[in-house]
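Last residue of the sequence shown: 1000 (the working numbering), numbering continuous.
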Amino acid sequence: MFKLTDVISSRNSKTPDYLKLVEFLIEPLLESPKSLSIDCEKINSSQRVWIRLAVDEVDKGRIYGRGGRNIQAIQTILTTAASTAGQSLYLDIYNIPDKNIYSQVSPRNQPMS
């Protein structure tokens, strides 16, 4: 787990360390932090940053929070960090598909008795 000093120490560079910042903000909210998957795409020509998060369905509700308060606060922090670097930020949150769904045998594929 990252400490706030790890995120702040990247202030000397021109762009924030979005991966560390997102992990710092999101991991305490998760029931299973190992399920967190983060993808950060920086488009230099347009100064855009696109952050994609994938979490378990259970954790998605925790990230959004009651009335969306958690996600609004996270979005505000990330947008502020991006705007100080002269960038615009987009945040998308996805579910990690349940692996058991795909491993189940369909009734059509079972041998006939």
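C-beta: ideal position from N, C-alpha, C; glycine also.
Query	Result
Alpha carbon of ASN957 to alpha carbon of LEU978, nearest angstrom	13 Å
Length-filtered (3 minimum) beta strand (DSSP E) runs lying within the stretch 923–970	924–930 and 935–942
Whole-number beta carbon distance between ASP943 and ILE983, since they are thought to touch under 8 Å	6 Å
Beta-carbon contacts of ILE950 that lie in its chain and below 8 Å, excluding the five residues immediately before and after	ILE913, LEU916, LEU917, LEU940, VAL942, ASN957, ILE958, ILE961 and ILE980
Beta-carbon proximity check, ALA968 vs LEU908, cutoff 8 Å	yes
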